[in-house]
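Shown next, in structure tokens, is the structure this report addresses.
In this note's numbering, the protein residues as written are 449 to 608.
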């Protein structure tokens, strides 16, 4: 499972690198037809990991509740993320993956309760959860790349 956690971290590195050069406005833009923006998707990856790896089995969270509430499943951006929040998300994407790996190697997730996720999949142990988490990260990476194309297009000068 360490390989899956390493893949999650590698994907998060790619995500962080892929948004380099985007402005704060572009990261916060919610294009027509979308419910969220690039930075929300990145924060959501952290909140989702927190939820299914720590909160579901009753482990203490390492994120504050405000962060979790802003990026949990079903939430959407209520206001633009400030520069300090954007920087925090970039740092947390990688540090949360590192913390997950350390906690996994410590055996922290041995008592994991079974539950059914929104896709109808049974999550009965941490290994199953980590496999789902990697899928979930890929799904949101796709959203981020689609949003990036749109916000870059929306911010190009009109050509006459």
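Think of the CB as a built atom: it goes at the ideal place given N, C-alpha and C, for glycine as much as any other residue.
Note that the coordinates shown come from a computational prediction; the quantities given were computed from them, not determined experimentally.
Residue 462 sits exposed, since fewer than 16 C-beta atoms from the chains shown fall within 10 Å of its C-beta.
Put simply, of 585, 602 and 567 the residue whose alpha carbon is nearest the alpha carbon of residue 545 is 585. At the C-beta level, residue 504 and residue 561 come within 8 Å of one another.
Cβ atoms of residue 518 and residue 581 stay farther apart than 8 Å, at about 20 Å. The DSSP-derived three-state label of residue 570 is strand.
Nearest neighbour of residue 597 by Cα position, chosen from 508, 470 and 495, turns out to be 470. Annotated three-state conformation of residue 456 is helix, per DSSP. Counting C-beta pairs closer than 8 Å gives fewer than three between the segment 529 to 540 and the segment 550 to 557, which falls short of the contact rule.
When the Cα atoms are used, residue 515 and residue 453 turn out to be separated by approximately 22 Å. Here residue 542 is near residue 460, since their CB atoms are less than 8 Å apart. Considered as a whole, the segment 464 to 494 harbours 472 to 476 as its complete alpha helix (DSSP H) runs of no fewer than 4 residues, in chain order. Closest by C-alpha distance to residue 466, out of 478, 490 and 577, is 490.
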